[in-house]
Amino acid sequence: AAAILMMLMQAAAPDAQPQAGKSGHGKLVIVTHMSASVGSGYGQHTRAINEGYAERHGYRWIVDDTDHGHGERDTRWNKVGALREALRAMQSTGEEAVMWIDADAAFTNFAAAAHELLDQAAPSEDLLICRDLSVPREKPTCAPICLNTGAFLLRNTEWSRQLVEHWWGALRDHPALAFGGDHEEAMLAQLYGTGWSGMRDKTKVFGATAFNSVPPFLADHAPEQLVMHASGEPSAVRSLIFGRIASTLAPSPSDGLPWLDIAPLLPKLHPLVRQGYEAAHAKNPDDPKVASVLASLVSESKEEGSAARARELLRQAMRLSPTDANLAVTYGSYAAKHMDDWCDAAAAFVAAGRLQPD
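Start counting the sequence shown at 335; every next residue gets the next number (my numbering).
This is the structure in C-alpha cells:
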C-alpha cells in the first residue's frame, strides 16, 4: 500500500523530479566575473549553484577574475571585458550563444534550459535582455527603455563581437561612465537609444522576470522563474539567501546530475532577508538605504515595539541622507499611517516638496 501511495504522489507531482540533463551540450557558455573578495563571500554560493545548473544542462561555465579595466573602470565593466574574451574564444569552440550572469544572481529553475530562450527570439535578434523595472525612467540606463544587464544572452555572431568591442571602446567618448552609479549599463542604453549598428532590430527585450528579478528580489519570486538576482542587496543578505539555496543542491536520483527544487525553499528564505539586513545595519549603521529597508522589514513583522523602531530607523535614514525626497515621503507616509502623527507627516511632505519641487 505504501508503494502504491508513493507512485500516486509522484504521478500527481511530475515536476518534482528533473528531466534528463545535458540537453544543451555545446549550445551555451555561461560567464560571470568574481573578484577575490566576492568569490570568498556570497560568490562561493552563487558559483556553486550556477556551476551545478551548467553541469545539469551541459553548458560550459566560466568564472572570470581578471580586472580588465586595470583599475581605471568600475568593476561592473568587467562583464564587458569577460564577454569580449568569451566571444573571441567561441569563434573556435562553436557554441550558439553566451549568457552573462552577475555574481549576485543564481539560476533557481533547474528544470528550465536557458538555451531555449534563443527560440523565443527571431534568428536575427542577437541580444536577448530583460526590461529593467527597478530604475526611474529618467536615469541614463533607460534610453528609450530600461535594460537590465544583470543577465543577458548574446548569440555567437560577428555582430555580437562588434557590439562588445564597441561597448568597451565607447567609454573613450563617455569617460564619466567609468565609475559611479551610471556605468556599463548606461553605456549599453546609449548604444540602444542611438540605434548603433541596427541595435534595436538586433535586440529582443523580454519581460523583467524572464531571466532576471524585480526588486524586492524575493517578494514575488516564482518557482518557475529562471534567475534570482539580488541586485543592490547587502552582502549579508546575499550570503544568507544563496548559502541556504546552495546547501540544498544534491545529485538527482534519476541521473546523478545536480538538482535544485526551489519551491519548498522559498518560504524559508524570507526570514533570512530580515536577518541579513539586521547584520548589515549592525556592521554599517551609517548606510541610509539599509536603515530604510530594515525599517520596512521591522514594520512588517508586527512584533512588539516594531512601529517605534521602524520610525526611528527612518528618522536615522533621513538624517544620513537629508536631500533624499523619496525618503522624506516614505517617512511622512509611515508617520501618518502607522503612528497617527500628522504633524510629523506634514513636515516630512513639505520637506520632500522643497527637495523635489517638480
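Ideal Cβ positions, reconstructed from N, Cα and C, are used throughout, including at glycine. From a predicted model like this one, the values you see are computed outputs, not experimental measurements.
- If you look at VAL624, you'll find it in the alpha helix (DSSP H) that goes 622-635.
- Residue state for PHE545 is assigned as coil, using DSSP reduced to three classes.
- About 11 Å separates the CB atoms of GLY373 and ASP398; that is not less than 8 Å, and the two are not in contact.
- The beta carbon of GLU519 is closer than 6 Å to those of THR475, THR483 in its chain, skipping five residues each way along the sequence.
- Taking the Cα positions, ALA420 is about 13 Å away from GLU492.
- If only uninterrupted beta strand (DSSP E) runs of at least 3 residues are considered, those enclosed by the segment 395-460 are 431-435, 439-441.
- Residue ALA388 holds the alpha-carbon nearest to the alpha-carbon of LEU591 among ALA388, ASN412, TYR376.
- Separation of the CB atoms of LEU647 and LEU661 is rounded to 11 Å, and the pair is thereby denied contact status at 8 Å.
- Looking at the backbone, the Cα of ALA651 and that of PRO605 are separated by about 22 Å.
- If you check the CB distance, GLU459 and LYS361 do not come in under 8 Å.
- HIS508: not part of any beta strand (DSSP E); DSSP gives it neither H nor E.
- In this structure GLY358 is buried. Its beta-carbon is surrounded by 16 or more other beta-carbon atoms within 10 angstroms.
- Between the C-alpha atoms of VAL561 and ILE479 there is a straight-line separation of about 21 Å.
- Between the segment 494-504 and the segment 434-453 there are fewer than three C-beta pairs closer than 8 Å, too few to call the two in contact.
- For HIS379, the uninterrupted alpha helix (DSSP H) run begins and ends at 377-391, by DSSP.
- Leaving aside the five residues that flank SER573 on each side, the residues in its chain whose CB is nearer than 8 Å to its CB run, in chain order, GLY375, TYR376, HIS379, GLY610.
- For VAL498, same chain residues with a beta-carbon under 7 Å away, outside a window of 5 residues either side, are VAL414, LEU417, ARG418, LEU421 in chain order.
- DSSP, read as helix, strand or coil, puts LYS538 in strand.
- Annotated three-state conformation of ASN660 is helix, per DSSP.
- Going by C-alpha positions, ILE435 is about 10 Å away from ILE396.
- Closest option to VAL684, judged by alpha-carbon separation, among HIS672, LEU603, ASP674, SER667: SER667.
- Annotation for SER655: PRO622, LEU661 place their beta carbon closer than 7 Å to its own, counting only its chain and skipping 5 residues before and after.
- The C-beta distance from PHE486 to LEU461 rounds to 7 Å, short enough to fall under 8 Å.
- A buried status is given to ASN546, since no fewer than 16 other beta-carbon atoms sit within 10 Å of its beta-carbon.
- Annotation: the continuous alpha helix (DSSP H) that includes PHE576 extends over 569-580.
- Of all alpha-carbon atoms in ARG495, MET521, SER468, the one lying nearest the alpha-carbon of SER565 is that of SER468.
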